[in-house]
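Data first, discussion second: the structure below is written as structure tokens.
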Amino acid sequence: MKIIALDIGGTAIKYAYFDGDDLIFDDVRPSEASLGGDKVLENIISIITEIGNQHSYDTIGISTAGQVDSINGTIVYANDNIPNYTGMELKKILEDKFKVPVSVENDVNAAAIGEAIYGAGKGENDFLCLTYGTGIGGAIFLNQKLYKGAQGVAAEMGHMMIHPGGLPCGCGSFGCYEQYASTTALIRTAKAHSPEFYNGKAIFSAFDHDSKDAKRLIDQWVKEISYGLVNLIYIFNPSLIVLGGGIMTQPYIINKLNQIIKESTMPSFHGVRVTLASLGNLAGVYGMKAITSKEYQEK
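Residue numbers (this note's numbering): 123 to 421.
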């Protein structure tokens, strides 16, 4: 089966072309999500068209930010990271346009499926998956299946209330986890301290050059990450937590988190392992490969 898979985020669209089990190529381009859902759709169509002009394909898989009705392939809800995206009927629009079957799934669910079938979660019955970037997304794997909840939108871990009455969030609440523990939150806090900390690479570059300010900012941010993870550990008692997002490739983060979590939980919960998503930024497209090729099925 020949598959085009896309992973739409608040910053970038990652895309790949698979021929059977072989990844033929992958690439990335800006999503331009701040310009709204119509612009994102325009970019999706452009990428698929460009690939289709060079390669035949049997199906399309779309991993996307936002709450997704994966049966109907619609966006149930998207916050201001992608304005006017809520309600978009992605599956119908793309099937009408390209005349092949289209599957649509939430981006972190897709990443968790990718990790479960091909990556760090392979062979695990139960694990949690979180991605840290523009916001924070989550997925729950129980008995080798995604847990989606009553309305199909479970695991909005980025909107756990960690600091009641705290910073306003795009969801309309205050003190949400992603306002303190996302990559966006780290950069916002660091830039307020010094304009030299203008992105994640700059912050960690300063850290690598023994900047005490960078270390203090990173340590506080990692502590914020741990608050959410400790709560999840006490609720789910998982054997494994898989963390994704480009910033998580920094070895210091995973090592520090494992240390803090061990110090912050009861001994009976010390069996949990926190590890990096082994598929990296391609976890979402691999998840859509698994879904579209039926290597993963919900039922």
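Built from N, CA and C at the ideal position, the CB exists for glycine as well.
With H, G and I counted as helix, E and B as strand and the rest as coil, what does DSSP make of residue 402? In the structure shown, residue 402 sits in a helix (DSSP, three-state: H, G or I).
Pairs of beta-carbons, one from the region 190 to 203 and one from the region 134 to 154, closer than 8 Å: are there three or more? no
First and last residue of the uninterrupted alpha helix (DSSP H) at residue 358: 334 to 358
Could you check what DSSP says for residue 189 in three-state terms: helix, strand or coil? strand
If you draw a straight line from the alpha carbon of residue 348 to that of residue 286, how long is it in whole angstroms? Residue 348 and residue 286 have their alpha carbons spaced roughly 17 Å apart.
Validate contact between the region 356 to 372 and the region 251 to 266 using beta carbons, cut 8 Å, 3 pairs: Flag = yes, the region 356 to 372 and the region 251 to 266 touch.
When you compare the CB positions of residue 182 and residue 224, do they come within less than 9 Å of one another, or not? yes
Per DSSP, cross-strand counterpart(s) of residue 219: BP columns for residue 219 are empty, so no partner.
Kindly identify the DSSP beta-bridge partner or partners of residue 260. 252
According to DSSP, is residue 408 helix, strand or coil? helix
Kindly list the residues whose CB is nearer than 6 Å to the CB of residue 246, restricted to its own chain and excluding five residues on each side of it in sequence; keep chain order. 362
CB contact flag (residue 278, residue 259, <9 Å): yes
Buried or exposed: where does residue 213 fall if 16 or more other Cβ atoms within 10 Å of its Cβ makes it buried? buried
Compare the C-alpha of residue 152 against each of 169, 321, 310, 288 and name the closest. 169
With distance defined between alpha-carbon atoms, name the residue in 158, 128, 124 nearest to residue 144. 124
Proximity of residue 263 and residue 288 at Cβ, strictly below 9 Å: no
Would you check if the distance between the CB atom of residue 132 and the CB atom of residue 203 is smaller than 9 Å? Inclusion of residue 132 and residue 203 in the CB contact set at 9 Å is warranted, their separation being smaller than that value.
Just mark residue 281 as buried or exposed, buried being the case when its beta carbon has 16 or more other beta carbons within 10 Å. Residue 281 comes out buried.
What's the call for residue 356, buried or exposed, on a 16-neighbour Cβ count within 10 Å? Its Cβ having fewer than 16 others within 10 Å, residue 356 is exposed.
Any alpha helix (DSSP H) of 4 or more consecutive residues that is wholly inside the region 134 to 209: 159 to 174
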